[in-house]
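Residue 5 in UniProt numbering sits at position 5 of the sequence shown; the count goes up by one each step and never skips. Built from N, CA and C at the ideal position, the CB exists for glycine as well. The structure displayed is predicted, hence computed values, not measured ones. Notes follow the structure.
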Amino acid sequence: MSNPSQTSVPVFTTDKDAEDFLDQDLSTLDVSQFKPTRFEEQPKPAQPIKRTRR
1 MSNPSQTSVP VFTTDKDAED FLDQDLSTLD VSQFKPTRFE EQPKPAQPIK RTRR
């Protein structure tokens, strides 16, 4: 259960809103709402992909 003095992450509508949230003191952030996530890194191709300008 959350502590009333803890804050949760709001839904952001702009990048500016997210930046402003991250600029504040996040020591009271309720991290119990987060879930672990696994990311898979794909292996890099043997040869770099060459991109050409059109």
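| Item | Value |
| --- | --- |
| T14, DSSP secondary structure in three states | coil |
| Whether T28 touches Q6 by CB criterion (7 Å) | yes |
| Alpha-carbon to alpha-carbon, Q33 and T16 | For the sequence presented, residue 16 should be read as Lys rather than Thr. So the two alpha carbons sit approximately 23 Å from each other. |
| According to DSSP, residues forming a beta bridge with T7 | L29 |
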